[in-house]
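Sequences listed follow chains A and B, in order. Each residue of the first sequence is one higher than the one before, counting from 0 in numbering that gives the first Met the number 0. Each residue of the second sequence is one higher than the one before, counting from 0 in numbering that gives the first Met the number 0. Some notes on the structure that comes next.
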Amino acid sequence: MDLQREAPEDEIKRLQRCLNDLVSVLALPAMWSGREPAQIVDRLLDSLLGMLQLDLVYVRVDNPAGGAPIEVAKVAPSQNRMPRSEELCKAINQWCGTDPQKWPPLLRTSLGDRDILIVPSRIGLHAEIGVIVAGSARADFPIQTELLLLSMAANEAGIALQEARLRSEQKHVASELDRRVAQRTAELAQANEALHLQVALLQKIPVAAWTVNPDGTTAFVNQSWLEYTGQTLEFVRSSPEAWMSAIHPEDREETARRFWDGIRTGQGFTMEVRCRRLHDGEYRWHLNRAVPLRNAEGKVLRFVGTSTDIEDVKRSQEDLRTAEERTRLIIDTALDAVITMNVQGAITSWNKQAEVVFGWSKSEAIGQHLSEMIIPERQRAAHERGLRHFLATGEGPILRRRIQVTAVRRNGAEFPVELEIVPMRLGSDWVFSAFIRDITDSKRAEEKLRESEFNLRQLTETIPEMLWSATPEGVIDYCNARVLDYTGFSAEEIMGGGWMKLLHSDDIAETTRAWMSCVRTGAPYRVEVRTFHAADFTYRWCITSALPLRDQQGRILKWHGTIVDMHDWKCAQEELRNTQAALAHMTRVMTMGELTASIAHEINQPLAGIITNASTCLRMLAADPPNVDGARETARRTIRDGNRACEVITRLRALFSKKDASTESVDLNEATREVIALSSSKLKENKVILGVELADDVPFVTGDRVQLQQVILNLLANASDAMSTVDDRPRKLLVKTEQDEGDRVRLTVQDAGVGFDPQTAGRLFDAFYTTKDDGMGIGLSVSRSIIESHHGRLWAAPNDGPGATFSFSVPGGHKAATAADSIRAMQNPPRTDGA
Amino acid sequence: MMITRSLVSVVDDDESVRESLPDLLREFGYAARTFSSAEEFLASDCVDQTRCLMLDIGLPGMTGPDLQRELKLRRQQIPIVFITAHRDEAIRTRVLEEGAVECLFKPFSDTAVLEALNTALQVN
């Protein structure tokens, strides 16, 4: 624009426009109000580019805090070939330098391919706020109004920026304040929460907690305490000792003393008291502790305390103590010496028995080296080696089992012990327990036993009897040499079940049955069995018997048995049996001979009557006149006496019957009556006063009637004979039958005779033993054989007064006595009580 | 002439004898009394009147020979005829030695009894 060619109206227009622009510039602060400096700068540049015909405009606002300045450059929209804002700012700084104070008022330079005029305007009096740079390629730039406008704009911008800066500072302070307030608030909230937590914690921890003021009054108690004791906060605060109402009455005085001591001295306290639990009323042990809280000067602010229920702990401590005491007692009363040793080999415990066995007291032993105390010197190195080996490898061949070793006493004497070492882990270390038993005595006893066993074995091997033993199960485990010699078998062949090979095949089944029965019941074993005899290759009768050896509880430990060859004896018995049978027959004949007189007497009596009556009868009939009535009477008596004679003969027939030993049902009463009838005259002759007591209810016996009668006859005759020399007392004879126990019948013949000498009682029943001048001495012997063949028993006993009583007892209604029974009875005589 | 029957006493524990013998004795013309034991006879009032005693040897309690001795001690000279069922000559000999008139073994005949009584009473 060319100012020189301006018309006045143009001049007016130009000035008009300038005024408008000035007004616009002056209006800018209103727009800037409250804006940030960057916005102010931005608006300023836009306004300047709009008002003035500029190609570029640049503002720099320095940062009063010393930071990077705000730099903005803009170019007119028409100057689209202008460089970008950053490059422009750089270029302007190069042109003008960094110090605005030194900037020239006008600067000609080139921008791109164009020359350009640059006018800087200071913002602030000394450009302390910044600068505005306006640039234009116009030749008339800058005209006066433009300079005025630029300066006005710079001024206004300076004021606005100053305000904005101030405002920004205020705003910064305010926000800083806000931030600090917020931060503090957050911190407070946090602190508050922590406090709440602490209080809740204090209230809820499962331990009673409390604080006490320095004067002893209660400041605080937590809920745990209140719940435990049932006290209220008000109550606790009502007096310093109020809380003690929960303490066991016996503990209260001590509690108060310690409490006040702790408060007064400022030391706090620790005490164990019994405290009552509300919900079950139980007094439980508590640990009450209090510590002082002091300020920086050391003044006590509060006491803080807890009360902990230690009842269970205390109980378990008590239990532990009891258990320990018990263990100690057990160990001390143990029969073994019990010693423990640590890994160093030092003794850590030493019981009473150890003191007894080794002669060292506990106090002497503890801490000493075990090897030096009880191990003979020559073995110590081995002991130490073993210990080291175990600690290194965990192996110990002698551990955990009983071994026999030599130990040494305090006096240096060595002795045998049984030792067991048991290692135990105690924490990280090993502890060794040693159980030691002095076996000097048992060793000695063992040797003795071995010796006596040897002697016994020698005895059993040299004794001239066959011996054997068996296990409780009946397995033969020993036979002496006699058995082997006799049978010709080896021990191996006989042991176990092999003994059956020794037996006659006919006897095996029965013998095995008998043996197993005895093994089962523990009854004495006794069998007669044919056993192989090696010397002559025959089976010989042997009695094999055994008795069980029992322990104190009655359990069978072993069977001990013998084998006795009784072959010859059995043969002799057989012979004797035959002899006795012969004798029995002979006696019978002889008894009958003796009886002949009695029999004649018995028959002659009625015969005398018969003949006399018959004679009288004849004479009465021959008289004149005949005495018919008298004759009839005498004839009648003749017939009666005839019948009487018949009866006598009938009875005699039974006695004289030629029958051999027979079996029938015998009424012993009847048989006895018959014998009495037949003997009565002889008894009468001997002036015997006979008493007869026959029980009605005796059962019949089964057997040989004649044999039994022979026995009765024999007993009566003996009784009568025994009294033949007795004149100073009645010759009383009592014959009695009665029921004996077990359905047996007993017959007793009691006399008042000379009796028998108890010395010779055992021989009464021996054959050919007699005290009579004219006796053969076989009567009682045969009688006993007869009774025994009837499964009965015959015995004699002296009377309380004079005389003797002979009795036999036979079973009632038993099975027929056979010849075999008779033989057995003779072979195995039962006990001979009183005989 | 008044005939007084002589008294013969019989001592025997056997009833058949005590029943039968008195009848026979009466047939012979004697009076007869019976006793079952020696004691009974001694206790009776017949001892003095008895002209002959027929006495059993085997009596219960006091035997025939005992009674014989007892009567001798009492100086009662009664002739005694022993009767016994026990045929034992030794006893017979002994009692005869002791003064008995006769010893009859049962059973005896009526004539043997009559002879013995005649001997005892010396009836010709």
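Glycine included, C-beta positions come from ideal geometry on N, C-alpha and C. Note that the coordinates shown come from a computational prediction; the quantities given were computed from them, not determined experimentally.
The shortest C-alpha to C-alpha distance from Ala-333 (chain A) to any of A:Ile-648, A:Ala-353, A:Leu-43 and A:Val-342 is the one to A:Ala-353. When CB distances to chain A are screened at a threshold of 7 Å, the residues of the segment 80-95 of chain B falling below it are Ala-84, His-85 and Arg-86, in chain order.
In this structure Asn-612 (chain A) touches Ser-19 (chain B) by the C-beta definition: roughly 4 Å separates them, less than 8 Å.
Of all residues in the segment 0-27 of chain B, the ones placed with a Cβ closer than 7 Å to any Cβ belonging to chain A are Asp-13, Ser-15, Val-16, Glu-18, Ser-19, Leu-20, Asp-22, Leu-23 and Glu-26, in chain order. In terms of Cβ geometry, Ile-77 (chain B) and Thr-83 (chain B) do not form a close pair [threshold 9 Å].
In terms of Cβ geometry, Val-725 (chain A) and Gly-752 (chain A) form a close pair [threshold 9 Å]. If you look at Ser-244 (chain A), you'll find it isn't in any alpha helix (DSSP H); DSSP assigns it neither H nor E. According to the DSSP secondary-structure assignment, Pro-291 (chain A) is paired through a beta bridge with A:Phe-302. A residue is called buried once 16 or more other Cβ atoms fall within 10 Å of its Cβ, and Met-50 (chain A) is buried on that count. Residue-level contact by beta carbon fails for Ile-648 (chain A) and chain B, as no gap is shorter than 9 Å. Contacts with chain B at 9 Å (Cβ-Cβ) do not include Ser-516 (chain A).
Out of A:Val-705, A:Cys-645, A:Arg-636 and A:Thr-649, the CA that lies nearest to the CA of Ala-670 (chain A) is found in A:Val-705.
Runs of alpha helix (DSSP H) with 4 or more residues, each lying fully within the segment 244-282 of chain A, are found at 248-264, listed in chain order.
Closer than 9 Å to the CB of Leu-58 (chain B) there is at least one CB belonging to chain A. For His-789 (chain A), there is no enclosing alpha helix (DSSP H), as DSSP marks it with neither H nor E. Taken in chain order, the unbroken stretches of alpha helix (DSSP H) that lie wholly in the segment 15-55 of chain A and span 4 residues or more are 36-50.
The beta-carbon of Ile-610 (chain A) is placed less than 9 Å from the nearest beta-carbon of chain B.
Apart from sequence neighbours up to five positions away, the residues of its chain that approach Asn-350 (chain A) with a beta-carbon distance below 6 Å are Ile-330, Asp-331 and Val-337, ordered along the chain.
Neighbourhood of His-600 (chain A) in chain B, by CB distance below 9 Å: Gly-57, Thr-83, Ala-84, His-85, Arg-86 and Lys-105, in chain order. Proximity to Leu-667 (chain A) across A:Gly-66, A:Arg-539 and A:Gly-812 peaks at A:Gly-812, based on C-alpha coordinates. Among the CB atoms of chain A, none fall inside 9 Å of the CB of Thr-33 (chain B). In this structure, DSSP gives Asn-341 (chain A) an extended state, which the three-state scheme calls strand. Under the three-state reduction of DSSP, Glu-464 (chain A) is assigned to coil, being neither helix nor strand. At the C-beta level, Arg-273 (chain A) and Ile-246 (chain A) come within 9 Å of one another. Contact between the segment 532-547 of chain A and the segment 559-575 of chain A is present, with at least three C-beta pairs closer than 8 Å. Counting only residues of its own chain and dropping the five nearest sequence neighbours on each side, Pro-28 (chain A) has a CB closer than 7 Å to the CB of Glu-155, Ile-158 and Ala-159.
One finds nothing in chain A with a Cβ atom closer than 9 Å to the Cβ of Ser-36 (chain B); even the nearest lies about 11 Å away. Excluding the 5 residues flanking it on each side, Val-220 (chain A) has same chain C-beta neighbours closer than 6 Å at Trp-209 and Val-235, in chain order.
In this structure, A:Leu-617 is the residue among A:Pro-624, A:Leu-617 and A:Glu-646 with its C-alpha nearest to the C-alpha of Thr-633 (chain A).
Your pair Ala-406 (chain A) and Ile-420 (chain A) does not check out as a contact, with CB atoms roughly 13 Å apart and the cut at 8 Å.
By the C-beta criterion, the segment 450-463 of chain A is judged not to be in contact with the segment 357-376 of chain A, since fewer than 3 inter-stretch pairs fall below 8 Å.
Your pair Ala-533 (chain A) and Gly-487 (chain A) checks out as a contact, with CB atoms roughly 3 Å apart and the cut at 8 Å. For Gln-67 (chain B), the number of other beta carbons within 10 angstroms of its own is at least 16, and it is reported as buried. Contact between Arg-283 (chain A) and Glu-310 (chain A) is confirmed by a C-beta separation of about 4 Å, below the 8 Å threshold. By the criterion of a C-beta distance shorter than 7 Å, Ile-786 (chain A) is surrounded in its chain by Val-710, Arg-792, Leu-793, Phe-807 and Val-809, once the five residues flanking it on both sides are discounted.
Given a length threshold of 4 residues, each whole run of the alpha helix (DSSP H) inside the segment 21-59 of chain B is given here in chain order: 37-42.
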